[in-house]
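Colleague: Here you go, one structure.
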Amino acid sequence: MSLVQYLAQKGVIEKKRAASLEYDIKISGKREEEALLEMRIVSEDFLFKLKSEKSNIPLKQVVPEEIPLEVLEMIPSESAKYYQMVPLAKKDNTLEVGMVYPEDLKTQEAISFLARQGKFNYKVFLITPSSFEKTIKQYKTLKKEVKKALEELETEMEQRPAVKRTEFERMAEEAPITKVVANILRHAAEGKASDIHIEPTRKDLRIRFRMDGILHSSLLLPLGIHPAVIARVKILANLKIDETRIPQDGRFSTKLEQRYIDFRVSTFPTTLGEKAVLRVLDPTEGIRTLEELGLEARNYETLKEAIKKPYGMILSTGPTGSGKTTTLYAIMHILNKEGVNAMTLEDPVEYFIEGVNQSQVKPEIGYTFASGLRHMLRQDPDIMMVGEIRDNETAELATHAALTGHLVLSTLHTNNSLGVVPRLLDLGVAPFLIPSSLALVLAQRLVRILCPDCKKKVRANSKIREMILSEMADVKNVKMPKSLEVYVPQGCRKCNSTGYSGRIGIFEVLEMTSELAEIILKEPSSAKIKEEAKRQGMTTMKQDGILKALDGVTSIEEVLRVSEEK
C-alpha cells in the first residue's frame, strides 16, 4: 500500500483524489513524501506520524545539538547526505539511526555495510526531512570549521611548496592554524571536556577529548599540519618552539563566550612526534564544597574534625586524575580565613584562591617541592598545601612541619588509605614520627554520575545482590533492605545518550588513633592497619560507592569498574 492510499484509508484525502495524486506523483519523478509536502496536502509532522504507523517504524524527535561528535562520526557525512540517514545516539554497542526513507533498499544495504565495518549493531528510527537537515548541519560544527581553516592553509602551502620547520613556526601565528586550534579549544570547553589530547599517529593527527573520565576521538587532521598545531599551542603557553626533544609544561588563558578558560599544557616527545595534552580548567565553576565532592556521613564528619586541629598532616591519596587536588582545594577554601597565613606549593597552580599565597614549583631551575617547602617554613605559615610528596626530603620536611605547629595538606600516590603508612616508611620517615604528625588519610576515586533524567530503577540480580550484601555486612549503621534495587543508565538527549552526566568522588577516611599509633610503632603491616580501619568503622571506597549506587547517584557497574582498579 502506497502512502497516498494509506492517507485515503485514514480519511485524510478522498479515495477518488488518491488515484489522480498517485499519477501526478509518478510523472513528477519525486518521492511520495516529497511531492505531498510540496503540494501542502498535509504537514510534515502529520505525514511522518502516519508513515510511522504504516511502516511500524518509531518516529524519533531529534535535538541535533545534543548528538555527540563521536556518534556523528560513526556515519560519514557523505553517506549521511546521500542516503538521508544520520546517527542519533549510541547505547552500549547499538547505534540508533534516523532515516527519512527507511524503506529504501540501498539505504538499508549502506547501514548494514557500515555496521559490519564498524562492528556495531543498529536500530532504525524514522525522522522528518527537516530533522535530517538540521542534523546534517551538525557535521558542519567542529569538522566544518576546521576544514575551512585547512583549505586556507592548503592554499598557502601551494604557494610555498617547500615548507621548512622554521616556516611552520611562522604559520602557527597565521590565521588558518590559529583558527584550527581556537576551534578545538572552544569545542572542548563547550563540551565540558576535562582534557584535550593532540597526538600524531602514522597516518593522521588525532584530536581526542576526555569527557566524564572517558577519552573520545573527536577529530582527525592531516598529519602534515602537526608541527604547526603543536607550535601554535607552544606559542600560547609560552614554551620553547624549537625544543622538541624534552617534555615541557606551561599554561595559558583565553576568553571563550564571555568567560576566561585556563589551559594547562604538557608536551611529550614520542617516536611519531610531539604529543600535547591540555587540561581544561574553568575558573567560573568555582571550588566545590566537600558535600558536592561526595563526602558524607562518617567520612565527612571525620574530615571536619581533623581540619579543626591546629597542626598535623592530612594526606589525600589515589591515582592521577582521581580528584585529590580538587579535594585539597575544597579543604583549603574552608581553612582560608583572615587570621591565618595560608600558603601552597603546586605543580602547577590549577585554581587561584583569593587570599592564599600560591606558588608554582619549577624543578628545571632547582625550585622543587623540597626546596620550596624549606623556604615556605620561613614565611611564618599556619596552613601549608604541598602539591605532592614524592621523595624523602619532601616527606621529612612535611612531617617536621606538621610536628612544629603547622597544618599540612598534601597528596601521595598509593592505591588506598591502608598503603599510606607503608609508603611514608618507604620514603624514609621514621616510624616514631608518623603517629604524632599524621592526622588523617583520605583515599578517593571518581565515578560517573547517573543522568537524573533517564536513570532507571531495577531489581538487583542474584549476583549483584550477593556482592552487595557481602561487602556491606560489616558497615555500621547501615541496614540493607530485603528487596535490593539499583539504578542503571539508559541514555537520553540531555546526557548525549551516555546515561551519565558529571562525576563524583567515592572515599575512605582513616584517622590516627592510639591503636593505629601502636601498630605503626610495633608492626606497621597493611594487614594490621586494615584490622584497625575495620575497628574504626571505616567505610571503604567500594562500600561508599555501593551506598551511592543504592541512592541512585551512580551505577553498581561504575563502582565496580573504578573500585576494582585498586
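Going by the working numbering, the residue at position 204 of the sequence shown is 281; the numbering climbs one at a time, nothing skipped.
Ideal placement from N, C-alpha and C gives every residue a C-beta, glycine not left out.
(1) Check whether the Cβ atoms of residue 580 and residue 627 lie closer than 8 Å to each other.
(2) To the nearest angstrom, report how far apart residue 621 and residue 640 are at their CA atoms.
(3) Any idea what DSSP makes of residue 558, helix, strand or coil?
(4) Under 8 Å between the Cβ atoms of residue 478 and residue 357?
(5) Unbroken beta strand (DSSP E) runs of length 3 or more, entirely within the segment 546-603: which are they?
(6) Compare the Cα-Cα distances from residue 162 to each of 121, 124, 127, 216 and report the closest residue.
(7) Exposed or buried, which one is residue 123 when buried takes at least 16 other CB atoms within 10 Å?
(8) Residue 450 and residue 436 - do their beta-carbons sit closer together than 8 Å?
(9) According to DSSP, which residues form a beta bridge with residue 352?
(10) What does the Cβ neighbour count give for residue 140, buried or exposed, with the cut at 16 atoms within 10 Å?
(11) The alpha helix (DSSP H) with residue 162 in it runs from where to where?
(12) Suppose only complete runs of 4+ residues qualify. What are the alpha helix (DSSP H) ranges in the segment 451-535, listed by chain order?
(13) In whole angstroms, what separates the C-alpha of residue 408 from that of residue 384?
(14) Within the continuous alpha helix (DSSP H) that includes residue 151, where are the two ends?
(15) Could you work out which residue in 280, 287, 281, 259 is closest to residue 270 when comparing CA atoms only?
(16) Near residue 491, which residues of its chain fall below 6 Å by C-beta distance, leaving aside the five closest residues on each side in sequence?
(17) Are the segment 581-601 and the segment 550-568 touching by the rule of at least three beta carbon pairs closer than 8 Å?
(18) Does the ligand GDP have even one heavy atom less than 7 Å from the beta-carbon of residue 165?
(19) Looking at the unbroken alpha helix (DSSP H) that takes in residue 418, where does it start and where does it end?
(20) Is there contact here, the segment 314-325 with the segment 366-386, by at least three beta-carbon pairs under 8 Å?
(21) Would you call the segment 194-207 and the segment 129-139 in contact, with 3 or more CB pairs under 8 Å?
(22) Should residue 309 go down as buried or exposed, given a rule of 16 or more other Cβ atoms within 10 Å for buried?
(23) Identify, in the order they occur along the chain, each residue of the same chain with its Cβ nearer than 6 Å to the Cβ of residue 593, setting aside the five sequence neighbours on each side.
(24) Output needed for residue 109: all residues of its chain with C-beta closer than 8 Å, excluding positions within five of it in sequence on either side, in chain order.
(25) Starting from the C-beta of residue 635, find all residues in its chain whose C-beta is less than 6 Å away, skip the five residues before and the five after it, and write them out in chain order.
(26) Buried or exposed for residue 106, going by 16 or more other Cβ atoms inside 10 Å?
(27) Look at the Cβ atom of residue 442, then the Cβ atom of residue 545, and state whether they are nearer than 8 Å.
(28) So does the segment 289-309 actually touch the segment 333-342, counting three or more Cβ pairs closer than 8 Å?
(29) For residue 637, name the three-state secondary structure that DSSP assigns.
(30) What first and last residue would you give for the beta strand (DSSP E) that runs through residue 199?
(31) Less than 6 Å between C-beta atoms, sequence neighbours within five positions excluded: which residues of the same chain meet that for residue 535?
(32) With 16 as the cutoff for other CB atoms within 10 Å, does residue 575 come out buried or exposed?
(33) Could you have a look at residue 434 and say whether DSSP puts it in helix, strand or coil?
(34) With a CB to CB cut of under 6 Å and the five nearest residues on each side skipped, what residues in its chain are close to residue 379?
(35) Is residue 425 helix, strand or coil when you go by DSSP?
(36) What is the DSSP secondary structure of residue 276, reduced to helix, strand or coil?
Modeller: Reading from the atomic positions:
(1) no
(2) 10 Å
(3) Three-state result, residue 558: coil.
(4) Taking a C-beta distance under 8 Å as the contact criterion, residue 478 and residue 357 do not qualify as a contact pair.
(5) 562-565, 577-588
(6) Comparing Cα-Cα distances from residue 162 to each of 121, 124, 127, 216, the minimum goes to 216.
(7) With fewer than 16 other Cβ atoms within 10 Å, it is exposed.
(8) Against a cut-off of 8 Å, the Cβ pair of residue 450 and residue 436 comes out as no contact.
(9) 345
(10) Exposed.
(11) From DSSP, residue 162 is part of no alpha helix (DSSP H) but of the beta strand (DSSP E) over 162-168.
(12) 469-480, 497-503, 511-514
(13) 8 Å
(14) First-last for residue 151: undefined, no H or E at that position.
(15) By alpha-carbon distance to residue 270, the top candidate from 280, 287, 281, 259 is 287.
(16) Same-chain partners within the cutoff: 394, 497, 500.
(17) In short, these stretches do not touch, since the Cβ pair count stays below three.
(18) Summarising the ligand content, the structure contains no ligands, and the ligand GDP is consequently not present.
(19) Note, residue 418: premise wrong, no alpha helix (DSSP H); not H, not E.
(20) no
(21) yes
(22) Taking all protein chains in view, the Cβ of residue 309 is crowded by 16 or more other Cβ atoms within 10 Å, so the residue is classified as buried.
(23) Within the same chain, Cβ atoms closer than 6 Å to the Cβ of residue 593 are found at 609, the five residues on either side in sequence being excluded.
(24) When the five nearest sequence neighbours on each side are left out, the beta carbons in the same chain lying within less than 8 Å of the beta carbon of residue 109 are those of 79, 80, 81, 102, in order along the chain.
(25) 524, 525
(26) exposed
(27) no
(28) no
(29) helix
(30) Run containing residue 199: 198-203, per the beta strand (DSSP E) assignment.
(31) 565
(32) buried
(33) Looking at residue 434 - three-state DSSP - the assignment turns out to be strand.
(34) 586, 588
(35) coil
(36) The DSSP-derived three-state label of residue 276 is strand.
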